[in-house]
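> Taken in sequence, the protein lines are chains A and B.
If you count the first sequence from 1, you need to add 825 to reach my numbering.
If you count the second sequence from 1, you need to add 825 to reach my numbering.
Here you go, one structure.
Protein chains: 2
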Amino acid sequence: MPDAARLSDDGGTMTDEATDLATLGEFGLIGRFAATAAEGSHTLTGIGDDTAVIDVDGTRLLFTTDLMVEGVHFLSSSADLADVGFKALVSNVSDIAAMGGHPRECVVSLAAPPSTPVEALDRLWEGLSEAASAYGVTVVGGDTSSAPVLFVNVALIGEAPEGEWVGRDGAREDDEVYVTGTFGDAAGGLVMLLEERSPGDVDEERLVTAHLRPRARVAEGAAALAAGATAMIDVSDGLVADLGHVCERSGVGILLDAGEVPISAELARAAPRLGADALGLALVGGEDYELAIAVPAERSSDLVARVEALGTRCSRVGTVVEGDTDTVAGHDRSDGSAGWDHFGGTEPREGAR
Amino acid sequence: MPDAARLSDDGGTMTDEATDLATLGEFGLIGRFAATAAEGSHTLTGIGDDTAVIDVDGTRLLFTTDLMVEGVHFLSSSADLADVGFKALVSNVSDIAAMGGHPRECVVSLAAPPSTPVEALDRLWEGLSEAASAYGVTVVGGDTSSAPVLFVNVALIGEAPEGEWVGRDGAREDDEVYVTGTFGDAAGGLVMLLEERSPGDVDEERLVTAHLRPRARVAEGAAALAAGATAMIDVSDGLVADLGHVCERSGVGILLDAGEVPISAELARAAPRLGADALGLALVGGEDYELAIAVPAERSSDLVARVEALGTRCSRVGTVVEGDTDTVAGHDRSDGSAGWDHFGGTEPREGAR
């Protein structure tokens, strides 16, 4: 089974050995905090899903936040801040989409060096406003500060239609796993940006755009909810890592058929020129902001029909299997197929979102 | 009238001359963004008040965010991150208090250098959790990243009781202006921290605590709402600056009787030893997180009774007067009484929150 890998994820360990943030990792830190977080009486879903779900007099509100830091999430030297503002909002909208909800209001925190040109900040605001307009989000407040590097934080409220939502925790054995769209384009675009390579053709242009201007799958998320999806996540950390998050929260494993992971024609054509492995980018490259969806087998044709009716590809990539995430931690590399190992595989990447 | 100064505020200008953030200033940047922000159909109050007010199926939710950046809002060299975490939450709770609401759920974004000791991050979380517990706030999610400096952002939802709230925009001519508590203690504590001076007695200890561990006036804010307050703001930027924000939003002036601004006995005793002017600290020192409240004269005794029933001092400090903030920009220094001029007066301070 050379194209399959058994996935699960320990979600970061609360290891006593970790002495600094680099050792602990992002997921370790979140796990450490979540373990001692107090539960709220109106909290239906707390830390650990794409968004929180809270009850407001019977309405189910979704609440999420995403942070972008210069030098970590974008390259200051080459970034048009309009792209940064756009993506800062879209990454939050994508989290709402992954619950099956629709976005509503946000607050924006912005910190920047005092020497930042006003024009650059105007561009950031333009990009953010463009995304807000595209997704029906209202910016209702914010905060600003000086800082040595640029920080943009968006906190977004959404609403779960008719009080229903899809978390990461409902995947069950024998469910099928589907994804929207294609994978690896954004990572291909990032390779180009890191190499300061100008797009040589329309394929390469498409990859850079996928990285800089992702879209959130709001309608597709709602369609998956309506189709009876049992678990859903937006793929921001990479497909393998994010499926691992579903495994962890659902207490299952996922048998991923890597050969079925959809790759765009543009990436397939451009990858060799970039010296990159398209499948590797598709499996572990992050920031595609596509959805991964678990659905009972008998509902899968309905899911596909609903998503494809939106003009979006919907592909089966795997199956949910019995698994115990306490004992099956990390992905199985024993078959030697882990072509994405050099990216760090399912291990938390330092500084990754 | 040597102890009075006429205040108003132009709220930052959208000056065409500003070429970078330092020139534009925080309030200039916010004004620039707010001028082009789209209005939302569920937005009852948007950018420019202590919090936004949004309608969620008839419930009025309050929504706010506050960020803290190492080297700007706290001194990395001396900070116990428990204090930073505590204050990051309290500054948000204070914004909810200034609307007369009560806080509910928050999301937290945290970015830190990879070398940050895990123990320090645990302390930050402990302080934040302590404040969350004290104010009945549930942490429901967050995001983390690496960054060159520590960055903490909290976004907080609150609720307006019975759909009522007090904004910054309702102050009317002849209203009286009251404040809770005392002013300048936090600034006195900051002077000590900046001079790396250890508290020499209980007075100095109290000032440092006021700076590091402010409390939010939630019950007092609710009391002011119940008493019929017309405008309210929490004093984080400094009394003069924040009253200026009320002037701007309400389209009025405020005649501040500086001699009536309450100063604690501790600050009065410690200020000479610090080489500081207690009144100056009280007028322009920020981060006291007390409330400033405009109230019709006939409701003022009720306001005082309600606030003092909570064990909190409530002092009259001024009167709302006719004013046109389009033409009376900046505070009037013509009487030569502006003892706080060396702090920057009502001008936006670069990098200040």
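The beta-carbon is built from N, C-alpha and C at its ideal position, and this holds for glycine as well.
It should be emphasised that the depicted structure is a prediction, and the values quoted were computed from it without experimental measurement.
State the CB to CB distance for the pair Leu953/B and Ala913/B, rounded to an integer number of angstroms; the pair is presumed to be in contact (CB under 8 Å).
Here residue 953/B is taken as the residue at index 128 of the second sequence, counted from 1. Here residue 913/B is taken as the residue at index 88 of the second sequence, counted from 1. Contact flag correct, Cβ pair sits at about 6 Å.
> Per DSSP, which residues does Asp845/B bridge with? Please list them.
Position 20 of the second sequence, counted from the start, is the residue given in the question as residue 845/B. Beta-bridge pairing links Asp845/B to Pro942/A.
> Answer with buried or exposed for Pro1097/B, where buried requires no fewer than 16 other C-beta atoms within 10 angstroms of its C-beta.
Taking the first residue of the second sequence as position 1, residue 1097/B is located at position 272. Its Cβ having fewer than 16 others within 10 Å, Pro1097/B is exposed.
> Does Ala843/A get closer than 8 Å to chain B when you measure Cβ to Cβ?
Start at 1 with the first residue of the first sequence, and residue 843/A comes out as number 18. Judged by the 8 Å Cβ criterion, Ala843/A is in contact with chain B.
> Which one of Phe888/B, Thr969/B and Leu1037/B has the shortest CA to CA distance from Val897/A?
Here residue 897/A corresponds to residue number 72 of the first sequence, with the count starting at 1. Of the candidates Phe888/B, Thr969/B and Leu1037/B, the one whose C-alpha sits nearest the C-alpha of Val897/A is Thr969/B.
> If you run the structure through DSSP and keep just helix, strand and coil, what is Leu886/A?
If you number the first sequence from 1, residue 886/A lands on position 61. Three-state result, Leu886/A: strand.
> According to a CB-to-CB cut-off of less than 8 Å, which residues of the stretch 1127-1148 of chain B neighbour chain A?
none
> Would Ala937/A pass as a contact of Leu946/A if the rule is Cβ separation under 8 Å?
Start at 1 with the first residue of the first sequence, and residue 937/A comes out as number 112. Start at 1 with the first residue of the first sequence, and residue 946/A comes out as number 121. It is a contact, given that the beta carbons lie within the stated cut-off.
> My understanding is that Glu951/B touches Ala907/B, with C-beta atoms under 8 Å, so please give their C-beta distance in whole angstroms.
As a first step, residue 951/B is located in the second sequence; it is residue number 126 there, counting from the start. As a first step, residue 907/B is located in the second sequence; it is residue number 82 there, counting from the start. 5 Å between Cβ atoms; contact.
> Using three-state DSSP, classify His1036/A as helix, strand or coil.
Position 211 of the first sequence holds residue 1036/A. Note: His1036/A maps to helix in three-state DSSP.
> Counting only runs that start and end within the stretch 1012-1066 of chain B, where is the alpha helix (DSSP H) found for 4 or more residues in a row?
1027-1037 and 1043-1052
> If Ala1056/A sits next to Ala996/A, beta carbons under 8 Å apart, how far is it from one beta carbon to the other, in whole angstroms?
Within the first sequence, numbered from 1, the residue matching residue 1056/A stands at position 231. Within the first sequence, numbered from 1, the residue matching residue 996/A stands at position 171. Yes, Ala1056/A and Ala996/A are in contact; Cβ-Cβ is about 4 Å, under 8 Å.
> Taking 7 Å as the cut-off, does the CB of Gly873/A come closer than this to any heavy atom belonging to the ligand SAH?
Among the components of this structure there are no ligands whatsoever, and the ligand SAH is therefore not found.
> Note the first and the last residue of the continuous alpha helix (DSSP H) segment covering Arg1098/A.
The count along the first sequence starts at 1 and reaches residue 1098/A at position 273. Arg1098/A -> alpha helix (DSSP H) spans Ala1090 to Leu1099.
> How do the stretch 1139-1150 of chain B and the stretch 1074-1090 of chain B stand: do at least 3 beta-carbon pairs fall below 8 Å, yes or no?
yes
> Measuring alpha carbon to alpha carbon, tell me which of Leu1015/A, Ala1049/A, Val1002/A and Asp1062/A ends up nearest Ala1095/A.
Along the first sequence, read from residue 1 onward, the residue named residue 1095/A stands at position 270. Ranking Leu1015/A, Ala1049/A, Val1002/A and Asp1062/A by Cα distance to Ala1095/A puts Leu1015/A first.
> Using CA coordinates, which residue listed in Gly853/A, Leu869/A, Val977/A and Gly910/A is at the minimum distance from Val894/A?
Counting from 1 along the first sequence, the entry for residue 894/A is found at position 69. For Val894/A, the nearest C-alpha among the options comes from Val977/A.
> Secondary structure at Gly856/A, three-state DSSP: helix, strand or coil?
Numbered from 1 along the first sequence, position 31 holds the residue referred to as residue 856/A. For Gly856/A, the secondary structure class from DSSP, reduced to helix, strand or coil, is helix.
> Take the Cβ of Val1043/B as the centre, count every other Cβ of all protein chains shown within 10 Å, and call the residue buried at 16 or more, exposed below.
As a position in the second sequence, residue 1043/B is number 218, starting the count at 1. That one is buried.
> By DSSP, does Phe1008/B sit in helix, in strand, or in coil?
Taking the first residue of the second sequence as 1, we reach residue 1008/B at position 183. Annotated three-state conformation of Phe1008/B is coil, per DSSP.
> Please check if any C-beta of chain A sits within less than 8 Å of the C-beta of Leu849/B.
Translated into the one-based positions of the second sequence, residue 849/B becomes position 24. Output row for Leu849/B: interface = yes.
> Does Val909/B pass the burial test, meaning 16 or more other C-beta atoms within 10 Å, or should it be called exposed?
For the purposes of this step, residue 909/B is taken as residue 84 along the second sequence, with counting starting at 1. Classification of Val909/B: buried, given that the 10 Å Cβ count is 16 or more.
> With a 10 Å radius around its C-beta and 16 neighbouring C-beta atoms as the bar for buried, classify Glu809/B as buried or exposed.
An answer regarding residue 809/B cannot be provided, because it is not within the stretch 826 to 1178 covered by chain B.
> For my contact list, Arg993/A and Ser1075/A are in at a C-beta cut-off of 8 Å; report their separation, rounded to the angstrom.
Counting from one through the first sequence, the residue named residue 993/A turns up at place 168. Counting from one through the first sequence, the residue named residue 1075/A turns up at place 250. So it is a contact: roughly 7 Å between Cβ atoms.
> For His927/A, which three-state DSSP category applies?
One-based indexing of the first sequence puts residue 927/A at position 102. Here His927/A sits in strand by DSSP.
> If you draw a straight line from the C-alpha of Ala1047/A to the C-alpha of Gly865/A, how long is it?
If you number the first sequence from 1, residue 1047/A lands on position 222. If you number the first sequence from 1, residue 865/A lands on position 40. If I take the Cα positions, the gap works out to 27 Å.
> With a cut-off of 8 Å, does the C-beta of His1070/A fall near any C-beta of chain B?
On the first sequence, position 245 is the one that residue 1070/A refers to. With 8 Å as the cut-off, His1070/A does not count as an interface residue toward chain B.
> Using a Cβ-Cβ cut-off of 7 Å (strictly less than) and excluding sequence neighbours within five positions of Phe911/B, which residues of its own chain qualify?
Within the second sequence, residue 911/B is the residue found at index 86, counting from 1. Gly952, Leu953, Glu955, Ala956 and Arg1038.
> Could you check if Glu1045/A is buried or exposed, using at least 16 other CB atoms within 10 Å of its CB as the buried criterion?
Taking the first residue of the first sequence as 1, we reach residue 1045/A at position 220. Result: buried.
> Hey, is Ala862/B's beta-carbon within less than 8 Å of any beta-carbon in chain A?
Residue numbering aside, residue 862/B sits at position 37 when the second sequence is read from its first letter. Yes, Ala862/B counts as interfacial toward chain A.
> Which one of Val932/B, Leu1099/B and Gly983/B has the shortest CA to CA distance from Val881/B?
Residue 881/B sits at position 56 when you count from the first residue of the second sequence. That would be Gly983/B, whose Cα lies nearest to the Cα of Val881/B.
> Applying the 10 Å Cβ sphere with the 16-neighbour rule, what's the burial state of Val1033/A?
Your numbering for residue 1033/A matches position 208 in the first sequence. Classification of Val1033/A: buried, given that the 10 Å Cβ count is 16 or more.
> Could you tell me the boundaries of the beta strand (DSSP E) in which Arg993/A lies?
One-based indexing of the first sequence puts residue 993/A at position 168. It is not in any beta strand (DSSP E) - Arg993/A carries neither H nor E in the DSSP assignment.
> With three or more C-beta pairs closer than 8 Å as the rule, is the stretch 916-926 of chain B touching the stretch 883-891 of chain B?
yes
> What three-state label does DSSP hand Leu1184/B in the structure shown?
Nothing can be reported for residue 1184/B: it is not among the residues displayed for chain B, which extend from 826 to 1178.
> What three-state label does DSSP hand Gly1069/A in the structure shown?
As a first step, residue 1069/A must be located in the first sequence, where it is residue number 244. Three-state result, Gly1069/A: helix.
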